[in-house]
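Colleague: So that we are looking at the same thing, I have put the structure below in structure tokens.
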Amino acid sequence: MSTYRLNNLLAPRSVALVGASARPVSVGRAVLENIRKAEFKGRFGLVNPRHAEIGGIAAVKSMDALDFVPELVVITAPAREIPGIIDQAGRRGSAGALIVSAGLGHGPGSLHEAASTAARKYGMRLIGPNCLGIMMPGVSLNASFAAHMPGAGSLALISQSGAIAAGMVDWAAQRGVGFSGIVSIGDQIDVDIADLLDYFAMDHKTRAILLYIESIKDARKFMSAARAAARVKPVVVVKSGRMAQGAKAAATHTGALAGADAVYDAAFRRAGVLRVSDLRELFDCAETLGRVESPTGKRLAILTNGGGIGVLAVDRLVELGGIPATISVETRKKLDAVLPPTWSGANPVDIVGDADAARYATALELLLADRDNDAVLVLNVQTAIASAAEIAATVTELVGKYRKEHRRWAKPVLAAWVGADQDIIQALSSAGVPNYPTEDDAVRGFMHLVRHREVVEELSQVPPAMPDTFVPDAQGARRIVTAAIADGRQWLEPVEIKHLLEAYDITMVPTYAAADVEQAVAYAKEIFAQGGTVVLKIMSRDIVHKSDVGGVVLNLTTPEAVRAATSDILARARRLRPEARIGGVIVQAMIVKAKARELILGLADDPTFGTVVVFGRGGTAVEIINDKALALPPLDLQLARDLIDRTRVSRLLKAYRDVPAVKQDAVAMVLVKLAQMAADIPEIREFDINPLLADETGVTAVDARVAVGPPQRKFVGSGPANFAVRAYPSQWERRLKLKDDWRIFVRPMRPEDEPTIHEFLRHVTPHDLRLRFFAPMKEFTHEFIARLTQLDYARAMAFIAFDEATGEMVGVVRLHSDSIYESGEYAILLRSDLKGRGLGWALMQLIIDYARSEGLKVISGDVLQENTVMLEMCRNLGFEVKPDPAEPDICDVKLKL
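FYI, the numbering for the sequence shown is 390 to 1286, going by my numbering.
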């Protein structure tokens, strides 16, 4: 339901509190006192069947006795009474309830289920139960039992822990940091993290969103909301349970590597969410992101009156991946002219221990004007010579003036006054200067800004186009897997794995399955005839790691050696693992690539996020080395490259000494192909390729294991049910025949279409662009086009049309659903020289069909009055066309589905 009726809960005009107690030390009384102290401006009433008044406020015995309909009902009553209270509120017409009380239980027959059922009957939204409550300073509402109410500000906090939320409020009060809203969500009976992300992403008062997460219920919903929010403002998360045992006893190396916390890391990265490790870092992040914009780069200039602390700051900066800024020649000359001759002459700019406010101001002004840095950190160590408070006042005044002059182009200025008293901290905070107790904290604050910029840029990266030659045989691969499942098997046989890989154009060494010694010798002779040597491996569904039982013998060159080795392998396996089912031996051609790197690639099944792609250093000691990175599918080439780059082994893929560089895009393509395989065949539960040999000639899979089983549907909606991120919906590709036998290919838009869009727009007249965008459009930036092409298929769709004869793009239609997934707004644009040939009609019919398939109830749009052709087409398609009462030159068009 996303943001449906959330504004009524988080910015209500009327509130009722049910269950307030006359006992001074109780949750209900604490909530009442907090509502009173916050001076809520709307209507407020108390409901309590046992007391006529509480704390001097009159109470009524039931919801029906209230002389107004409360938009929000706050419930602190005993759990057994809650379903009935919600039913009463629903009958009165309340929009929702905040359930502070605990003890509703879970599962069929529980009070939790009864409360949820009552709310659904009336379309009510529920926050909680078992939560601290909500604090919305902008509307003077504190419906919580927290000790303090934060001031109004630009940070939103969504927390699964009431204690964490309360701690953030205490911290904010000390630092002068305000909040647009704090919501403790408790057990998430209805309103969840994703709903609130959507709400605060659209809230103009919110500049950054902070999350404290213990677990995620609906990963696809979360990923969609988080990606949407992160595109418009910083989203920062602390996830507890980082050190919990992540990798259960797994049947593959890949499964063992894909621990739960590592999967959360991958999910946050894919969503553009900045993860921090603990509450202190979350506080630092809030301090920074709540006050300043991210810099354009990571070059930091450091101004200090203490050389030692400046050097420590530089050390920390380099350690975290930042760049100490170089002082330009021009700026150095100016600093020479105004600073003592003993100043450091470089970054950090040490202006000497006796520096006063005037010297700080002069140096800071010059550093802010220097184009060779992206931000400035001001450090101060208090001395008896100069007043730290006076220096702080001067710095804040200068920063304020600088920001007014440069506005959105102003560089971030951060500060650390070591040992500062509360007055100095308050002065810096009041001026909007992020400030920290130490230089280490300040540098980390700067790097949070850098990391935020980087994750946002990753969201808008344009991937390279996929090679047209990759056309997998998905049907053939699916037959292999379904046959194995029908046969009651959990594991594919080696030859089946080879055929499966071949169906996705992944090369594997020649592989045969031999049931006995003589069959092994026969297959070996075929390999010898090709001039190769032989590798033998034990074949057993129960022996995961073949080397544990001496189940691998290399470099066999004669039939006799193969006969003897086969007998030894089988005998040894039966002796060491008598319970194991032994199917024979695998006979493979031995690949000798002395300079190849051994890699592991695979798929794992996570209970929260579904399929996960794993990449890392391969071999027999993969778990010990533990050099791996994870990503959520689907993948494109750019995402696959990023996945590779996050491992230590990626450095070995480059050339060194006499070892040529690996053909890295060949490795990346295998990752893309595995992700596509997972989308096409959700019955694949785990997949190991270990090792994949990679060198300058390409890649070859040497060994692989594949676990299969009936698909476990994880996520609702279209697309692969095992993907937390909606995959490219290839089922919507169409070939159309229009007027005059004009043949058109239509497909969903992809991120790599940015160059295509730029070229297409060159063929659209300024007049048609104005009709589409309602304003003259002179240029289209990368950021603008990226927002059009980087689609979240869970929320939006765009179909682009190509002329089959020329391959040129000729039109596009898009649909973006609202936050409650009931209606969608469309937009369409055609090449100006190709209008009047039926393309617009065809694209509109396609987007209408798509909206129906997604369960939308309405399609709407805004059309300029002068765009008579579009208005006529809308009428012919069944749209209702009405003038916009607020915009006389615009028509509202609406189609009920």
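Positions of the beta carbon are idealized from the N, C-alpha and C atoms, including for glycine.
Are the CB atoms of ARG680 and GLY540 nearer to each other than 7 Å?
Modeller: No, they are not a contact pair.
Colleague: Mind checking whether VAL662 and ALA619 have CB atoms under 7 Å apart?
Modeller: Result yes, Cβ atoms of VAL662 and ALA619 sit closer than 7 Å.
Colleague: Sort SER1212, GLN1101, GLY1227 and PRO1274 by Cα distance to SER1249 and report the nearest one.
Modeller: Here the closest residue by C-alpha is SER1212.
Colleague: Name the two residues that bound the continuous alpha helix (DSSP H) containing THR783.
Modeller: Where THR783 is concerned, the enclosing alpha helix (DSSP H) stretches over 777-795.
Colleague: Can you tell me whether ILE574 is helix, strand or coil according to DSSP?
Modeller: If DSSP states are grouped into helix, strand and coil, ILE574 belongs with coil.
Colleague: Buried or exposed for GLN577, please, with buried defined as at least 16 other CB atoms from any protein chain shown within 10 angstroms of its CB.
Modeller: Label assigned to GLN577: buried.
Colleague: Just tell me which of VAL626, SER936, SER683 and ALA675 has its CA closest to the CA of ALA1307.
Modeller: Within the shown structure, residues of the chain are numbered from 390 to 1286, placing residue 1307 beyond reach of any answer.
Colleague: Quick one: using the 10 Å Cβ neighbour count with 16 as the cut-off for buried, is LEU990 buried or exposed?
Modeller: Burial call: buried.
Colleague: Using the Cα positions of VAL832 and ARG705, report the straight-line distance between them to the nearest angstrom.
Modeller: Taking the straight line joining both Cα atoms gives about 7 Å.
Colleague: Residues in its own chain within less than 6 Å of ARG1203 by CB, not counting five upstream and five downstream?
Modeller: Only ALA1187 and ALA1216 meet the Cβ criterion.
Colleague: If you draw a straight line from the alpha carbon of ARG868 to that of PRO526, how long is it in whole angstroms?
Modeller: ARG868 and PRO526: Cα-Cα distance of roughly 59 Å.
Colleague: From PRO883 to ARG986, what distance separates their C-alpha atoms?
Modeller: So the alpha carbons of these two residues sit roughly 23 Å apart.
Colleague: Do three or more CB pairs link the segment 548-556 to the segment 440-448 at distances below 8 Å?
Modeller: No, the segment 548-556 is not in contact with the segment 440-448.
Colleague: Look at the Cβ atom of ILE780, then the Cβ atom of ALA746, and state whether they are nearer than 7 Å.
Modeller: Yes.
Colleague: Would DSSP call LEU1235 helix, strand or coil?
Modeller: Helix, per DSSP.
Colleague: Hey, does PRO1109 have any beta-carbon neighbour from chain B nearer than 7 Å?
Modeller: The structure shown contains no chain B; it is built from a single protein chain.
Colleague: Take the Cβ of TYR1045 as the centre, count every other Cβ of all protein chains shown within 10 Å, and call the residue buried at 16 or more, exposed below.
Modeller: Classification of TYR1045: exposed, given that the 10 Å Cβ count is below 16.
Colleague: Return helix, strand or coil for GLY962, following the three-state DSSP convention.
Modeller: According to the sequence shown, residue 962 is Ala rather than Gly. Reduced to three states, the DSSP call for ALA962 is helix.
Colleague: Among MET452, PRO823, ASP476 and VAL770, which has the Cα closest to the Cα of THR506?
Modeller: Ranking MET452, PRO823, ASP476 and VAL770 by Cα distance to THR506 puts ASP476 first.
Colleague: Mind checking whether LEU544 and ALA675 have CB atoms under 7 Å apart?
Modeller: In this structure, ALA675 lies closer than 7 Å to LEU544 by Cβ.
Colleague: Jot down the residue ranges of each uninterrupted alpha helix (DSSP H) in the segment 811-858, minimum 4 residues, whole runs only, in chain order.
Modeller: Complete alpha helix (DSSP H) runs here, min 4: 811-819 and 828-848.
Colleague: In the segment 879-948, which residue ranges form an unbroken beta strand (DSSP E) of at least 3 residues, counting only runs that do not cross its ends?
Modeller: Taking only runs of at least 3 residues, the beta strand (DSSP E) segments lying wholly in the segment 879-948 are 900-903, 923-929 and 941-945.
Colleague: Determine whether the beta carbon atoms of LEU348 and VAL951 lie at a separation below 7 Å.
Modeller: A question about residue 348 goes unanswered here, because the residues of the chain that appear run from 390 up to 1286.
Colleague: What does CYS1280 pair with, by DSSP beta-bridge criteria?
Modeller: CYS1280 is bridged to VAL1252 and PRO1272.
Colleague: How long is the line joining the alpha carbons of ASN1111 and LEU766, rounded to whole angstroms?
Modeller: Answer to the nearest angstrom: the Cα atoms are 46 Å apart.
Colleague: So TYR588 is in the alpha helix (DSSP H); what residue range does that whole segment cover?
Modeller: Where TYR588 is concerned, the enclosing alpha helix (DSSP H) stretches over 582-591.
Colleague: Where do the N-terminal and C-terminal ends of the alpha helix (DSSP H) with ILE1013 fall, by residue?
Modeller: Element bounds for ILE1013: 1011-1014.
Colleague: Grab me the residues of GLY1005's own chain with a C-beta within less than 6 Å of its C-beta, minus the 5 sequence neighbours each way, in chain order.
Modeller: So the list reads ILE989, ASP1016, LYS1017 and THR1036, once near-sequence residues are dropped.
Colleague: Please identify the residue among THR947, ALA1055, PRO1099 and ASN736 whose C-alpha is closest to the C-alpha of GLY877.
Modeller: It is PRO1099.
Colleague: If I follow the unbroken alpha helix (DSSP H) through GLY1213, where does it start and stop?
Modeller: GLY1213 -> not in any alpha helix (DSSP H); beta strand (DSSP E) instead, spanning 1212-1219.
Colleague: What are the partner residues of MET524, as DSSP defines its beta bridges?
Modeller: DSSP lists ASN531 and ILE571 as partners of MET524.
Colleague: In chain order, what residues of the same chain lie with their CB nearer than 7 Å to the CB of ILE471, ignoring the 5 residues before and after it?
Modeller: Closer than 7 Å at the Cβ level, and outside the excluded window around ILE471, lie ILE464, ILE488, SER490, LEU493, LEU500 and ALA504.
Colleague: Taking ALA1064 as part of the alpha helix (DSSP H), name the residues at either end of that continuous run.
Modeller: First-last of the alpha helix (DSSP H) with ALA1064: 1053-1069.
Colleague: For ASP1278, count the other beta carbons within 10 Å of its own beta carbon; 16 or more makes it buried, fewer makes it exposed. Which is it?
Modeller: The residue is exposed, with fewer than 16 neighbouring Cβ atoms inside 10 Å.
Colleague: Taking the alpha carbon of ASN824 as the point to measure from, which residue in LEU768, VAL870 and ALA873 has its own alpha carbon closest?
Modeller: Per the Cα distances, LEU768.
Colleague: Taking the DSSP output, what are the residues bridged to GLY485?
Modeller: According to DSSP, GLY485 bridges with LEU461 and ARG514.
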